[in-house]
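Novice: For the sequence shown, position 215 matches number 416 in UniProt numbering, and the numbering has no gaps at all.
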Amino acid sequence: GQCVAVCPTAALTEVNATDKVWSAIEDKDKYVVAQIAPAIRVALGEEFGMAPGTIVTGKIATAMKRMGFDGVFDTDFAADLTIMEEASELIHRLENNGTLPMLTSCCPAWVKFIEHQFPELLDIPSSCKSPHIMFGAIAKTYYAEKIGVDPDKIVVVSVMPCIAKKAEAERPELTKDEANNVDLVVTTREFATMIKEAGMDFPNLPDGEFDKLMGESTGASVIFGTTGGVIEAALRTAYEWATGETLEKVDFKQLRGLDGIREASVDLKGKELKIGIAHGLGNARRLLEDIRDGKSHYHAIEIMACPGGCVGGGGQPYHHGDASIVEARHKAIYEEDAGKKLRKSHENPEIIKLYDEFLGKPLGHKSHDLLHTHYEKRDRI
Ligand code: SF4
202 GQCVAVCPTA
212 ALTEVNATDK
222 VWSAIEDKDK
232 YVVAQIAPAI
242 RVALGEEFGM
252 APGTIVTGKI
262 ATAMKRMGFD
272 GVFDTDFAAD
282 LTIMEEASEL
292 IHRLENNGTL
302 PMLTSCCPAW
312 VKFIEHQFPE
322 LLDIPSSCKS
332 PHIMFGAIAK
342 TYYAEKIGVD
352 PDKIVVVSVM
362 PCIAKKAEAE
372 RPELTKDEAN
382 NVDLVVTTRE
392 FATMIKEAGM
402 DFPNLPDGEF
412 DKLMGESTGA
422 SVIFGTTGGV
432 IEAALRTAYE
442 WATGETLEKV
452 DFKQLRGLDG
462 IREASVDLKG
472 KELKIGIAHG
482 LGNARRLLED
492 IRDGKSHYHA
502 IEIMACPGGC
512 VGGGGQPYHH
522 GDASIVEARH
532 KAIYEEDAGK
542 KLRKSHENPE
552 IIKLYDEFLG
562 KPLGHKSHDL
572 LHTHYEKRDR
582 I
């Protein structure tokens, strides 16, 4: 696939998981929940002849329901959760002379790259698990409790734009009590195959809704799907928390675009926050070498392994190197964000409820236990 050139884990064979997902759905003893990553809603339509950048979020919810999943959810919910933890971590590091810059940690190919290539820098990535893994951790605790289902019966299926997410779900650091947070990962292309196998006329499906408890999301979570989006989402929340002021203009346009390395400076009420963004591992390497050599002046850096970020992911419909396709998806992500009623992660009512009823506070004991991880020097694949 196209990911081979950029993500180290794609060196492993892409194992098709669709049969396992169908078997889990058919198993009456299992309670199968599915989640869909942000980047998929602007690309999946291409597998059905729709134009790149067509937003198909509602059709995806309908397709997942008709396939027979017991719970139909959105990884965007968990991206909002990631921001709660990651923005808290950034502020904590800024205020306590912590390690800077802080690096985003939601791209597993990038995490693997730093573990192999820069083991001396492993204290700088955020300790946050990636959104779909956080989703799995919450599905098997809070959600299981709320709906009264034994967590052992819950099978979490992630639909991801990414091949590296398959290996990520197997990382020993990301399992809880020896059960995986996420059980099965299918790519966008595999998910399209499943829709075809089910005989659905995807372009003509009506719009549906995600289920309650883990289906609500804000515009901040949608932009996780493209380069620059994670750090912009984190800033929308960190700004309000650090300054105590309402952020009126949520669009940080200076963080957007498709240049390989970008930088911006944001004024946090007199305190300057310097942000770096890189996509593609060659660009990431340049920023990391600067950090290693003590030349980096950033406070926070977002890194995505795939050019364009997840919209250009190795599990997405093939774009055969056509940059205009990735660009159309990238634009559609910001359209979806602009159309959302809520644009800041900490305003997501289901996230507020999750902290009230279960987690307590960001970086608290339960969060530490369920939502954070650590990194290790790795010598082999
Ligand atoms: Fe996966 Fe996204 Fe990272 Fe690409 S940028 S490897 S799709 S997480």
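Note that beta-carbon positions come from the ideal geometry of N, C-alpha and C, so glycine has one too.
From C363, M415, V234, H573, pick the residue whose C-alpha is nearest to that of D281; which is it?
Specialist: Position 80 of the sequence shown, counting from 1, holds the residue named residue 281. Of the candidates C363, M415, V234, H573, the one whose C-alpha sits nearest the C-alpha of D281 is M415.
Novice: Taking buried to mean at least 16 other C-beta atoms within 10 Å of its own C-beta, is Y344 buried or exposed?
Specialist: To locate residue 344, count along the sequence shown from 1; it is residue 143. Flag for Y344 reads buried.
Novice: What is the residue span of the beta strand (DSSP E) that A465 lies within?
Specialist: Locating residue 465 in the sequence shown gives position 264, where the first residue counts as 1. From DSSP, the beta strand (DSSP E) with A465 extends over 462–469.
Novice: Check whether the Cβ of residue 597 sits closer than 7 Å to any heavy atom of the ligand SF4, and report yes or no.
Specialist: Coverage of the chain is limited to positions 202 through 582, which leaves residue 597 absent and any answer about it impossible.
Novice: Could you check whether the segment 402–417 touches the segment 252–262, counting it as contact only if at least three pairs of C-beta atoms, one from each stretch, sit closer than 8 Å?
Specialist: The answer is yes - the segment 252–262 touches the segment 402–417, with three or more Cβ pairs under 8 Å.
Novice: Would you mind giving the Cβ-Cβ distance between I339 and T276, rounded to the nearest angstrom? I have them listed as a contact below 8 Å.
Specialist: Walking along the sequence shown from the start, residue 339 turns up at place 138. Walking along the sequence shown from the start, residue 276 turns up at place 75. Not confirmed; about 11 Å, so no contact.
Novice: Figure out for me which residue from S328, I553, T394 has the closest Cα to the Cα of W223.
Specialist: Here residue 223 is taken as the residue at index 22 of the sequence shown, counted from 1. Out of S328, I553, T394, T394 has the C-alpha closest to the C-alpha of W223.
Novice: List the endpoints of the continuous beta strand (DSSP E) containing M505.
Specialist: Residue numbering aside, residue 505 sits at position 304 when the sequence shown is read from its first letter. Taken as a continuous stretch (DSSP letters only), the beta strand (DSSP E) holding M505 covers 501–505.
Novice: May I ask whether a heavy atom of the ligand SF4 can be found less than 7 Å away from the beta carbon of G481?
Specialist: As a working note, residue 481 is residue 280 in the sequence shown. Checking the Cβ of G481 against the ligand SF4 gives no.
Novice: State the DSSP-derived secondary structure class of Y576, mapped to helix, strand or coil.
Specialist: Within the sequence shown, the letter at position 375 stands for residue 576. Y576 sits in coil when the DSSP states are folded into three classes, being neither helix nor strand.
Novice: Looking only at DSSP bridge pairs, what is Y232 linked to?
Specialist: Sequence index remark: in the sequence shown, residue 232 carries index 31 (1-based). According to DSSP, which records beta bridges pairwise, Y232 is partnered with I355.
Novice: Please determine, among N382, T388, G540, T438, the residue with the shortest C-alpha to C-alpha distance to V356.
Specialist: Position 155 of the sequence shown, counted from the start, is the residue given in the question as residue 356. The shortest C-alpha separation from V356 is found at N382.
Novice: By Cβ distance, which residues of its chain are closer than 6 Å to Y499, with the 5 residues on each side in sequence left out?
Specialist: Against the sequence shown, residue 499 aligns to sequence position 298. Within the same chain, Y499 has close Cβ partners P302, K475, G477.
Novice: Once you ignore the five residues that flank V207 on each side, which residues in its own chain have a CB closer than 8 Å to its CB?
Specialist: In the sequence shown, the residue the question calls residue 207 occupies position 6. Residue placement at V207 is poorly supported in this model, since its pLDDT is 47, which falls under 50; the coordinates still yield a value, given next. A310, G481, L482, A506, C507, P508, G515.
Novice: Any heavy atom of the ligand SF4 closer than 7 Å to the CB of K366?
Specialist: Along the sequence shown, read from residue 1 onward, the residue named residue 366 stands at position 165. K366 Cβ: within cutoff of the ligand SF4.
Novice: Roughly how many angstroms lie between the CA atoms of G495 and I315, to the nearest whole one?
Specialist: One-based indexing of the sequence shown puts residue 495 at position 294. One-based indexing of the sequence shown puts residue 315 at position 114. Rounded to whole angstroms, G495 to I315 spans 17 Å at the Cα level.
Novice: Could you tell me which whole alpha helix (DSSP H) segments of length 4 or greater appear in the segment 390–464?
Specialist: Uninterrupted alpha helix (DSSP H) stretches at least 4 residues long and entirely within the segment 390–464 occur at 420–423, 430–444, given in chain order.
Novice: When the distance is taken between beta carbons, is K545 closer than 8 Å to A421?
Specialist: To locate residue 421, count along the sequence shown from 1; it is residue 220. To locate residue 545, count along the sequence shown from 1; it is residue 344. Going by C-beta atoms, A421 is nearer than 8 Å to K545.
Novice: Report, in whole angstroms, the separation of the C-beta atoms of T447 and V512, which I expect to be a contact under 8 Å.
Specialist: The residue you call residue 447 lines up with position 246 of the sequence shown. The residue you call residue 512 lines up with position 311 of the sequence shown. That pair is no contact at about 30 Å.
Novice: For the segment 539–572, which segments carrying the alpha helix (DSSP H) assignment without a break, of at least 4 residues, lie completely within its bounds, in sequence order?
Specialist: Within the segment 539–572, the complete alpha helix (DSSP H) segments of 4 residues or longer fall at 550–555, 566–572, listed in chain order.
Novice: Along the chain, where does the alpha helix (DSSP H) containing F314 start, and where does it finish?
Specialist: By one-based count along the sequence shown, residue 314 stands at place 113. From DSSP, the alpha helix (DSSP H) with F314 extends over 309–318.
Novice: With the cut-off set at 8 Å, would you say L328 and H566 are in Cβ contact?
Specialist: Reading the sequence shown from its first residue, position 127 is the one you call residue 328. Reading the sequence shown from its first residue, position 365 is the one you call residue 566. Here residue 328 is Ser; the residue named in the question, Leu, does not match the sequence. For S328 and H566, no; Cβs fall outside 8 Å.
Novice: Does at least one heavy atom of the ligand SF4 sit under 7 Å from the Cβ of P302?
Specialist: Numbered from 1 along the sequence shown, position 101 holds the residue referred to as residue 302. P302 Cβ: outside cutoff for every heavy atom of the ligand SF4.
Novice: Three Cβ pairs or more, each shorter than 8 Å: is that satisfied between the segment 281–292 and the segment 554–574?
Specialist: yes
Novice: Please go through the same chain and pick out, in chain order, the residues whose beta-carbon is closer than 6 Å to the beta-carbon of P518, but skip the five residues on each side of it.
Specialist: In the sequence shown, residue 518 corresponds to position 317, counting from 1. Result list for P518: A244, E247, E248, in chain order.
Novice: Is it buried or exposed for L564, if we count other Cβ within 10 angstroms and need 16 for buried?
Specialist: The count along the sequence shown starts at 1 and reaches residue 564 at position 363. So L564 ends up on the buried side.
Novice: Put C363 into one of helix, strand or coil per three-state DSSP.
Specialist: On the sequence shown, position 162 is the one that residue 363 refers to. Coil.
Novice: Taking 8 Å as the threshold (C-beta atoms), are L459 and K221 in contact?
Specialist: If you number the sequence shown from 1, residue 221 lands on position 20. If you number the sequence shown from 1, residue 459 lands on position 258. No, Cβ-Cβ distance for K221 and L459 is not below 8 Å.
Novice: So, is T300 buried or exposed, given that buried needs 16 or more other C-beta atoms within 10 angstroms?
Specialist: To locate residue 300, count along the sequence shown from 1; it is residue 99. By the 10 Å Cβ count, T300 comes out exposed.
Novice: Exposed or buried, what is R487 when buried is set at 16 or more other beta-carbons lying within 10 Å of its beta-carbon?
Specialist: Indexing the sequence shown from 1 puts residue 487 at position 286. By the neighbour-count rule (16 or more Cβ atoms within 10 Å), R487 is not buried but exposed.
Novice: So, at 6 Å on beta carbons, what are the nonlocal neighbours of K367 in its own chain, with the 5 sequence-adjacent residues on each side left out?
Specialist: By 1-based counting over the sequence shown, the position of residue 367 is 166. Counting only Cβ-Cβ distances below 6 Å, and skipping sequence neighbours, we find V386.
Novice: Taking G392 as the reference, give the member of G561, E227, A262, A533 with the closest Cα.
Specialist: Here residue 392 refers to the residue found at position 191 when the sequence shown is read from its first residue. The displayed chain sequence assigns Phe, not Gly, to residue 392. Closest by alpha carbon: A262.
Novice: What is the DSSP secondary structure of F270, reduced to helix, strand or coil?
Specialist: Within the sequence shown, residue 270 is the residue found at index 69, counting from 1. In the structure shown, F270 sits in coil (DSSP, three-state: anything other than H, G, I, E or B).
Novice: Below 7 Å, is the gap between the Cβ of P352 and the nearest heavy atom of the ligand SF4?
Specialist: Counted from its first residue, the sequence shown places residue 352 at position 151. P352 Cβ: outside cutoff for every heavy atom of the ligand SF4.
Novice: Buried or exposed: where does D538 fall if 16 or more other Cβ atoms within 10 Å of its Cβ makes it buried?
Specialist: The residue labelled residue 538 in the question sits at position 337 within the sequence shown. Counting Cβ neighbours within 10 Å, D538 comes out buried, since at least 16 surround it.
Novice: Considering only heavy atoms of the ligand SF4, does any lie closer than 7 Å to the CB of A218?
Specialist: Taking the first residue of the sequence shown as position 1, residue 218 is located at position 17. Incorrect: A218 has no Cβ contact closer than 7 Å to the ligand SF4.
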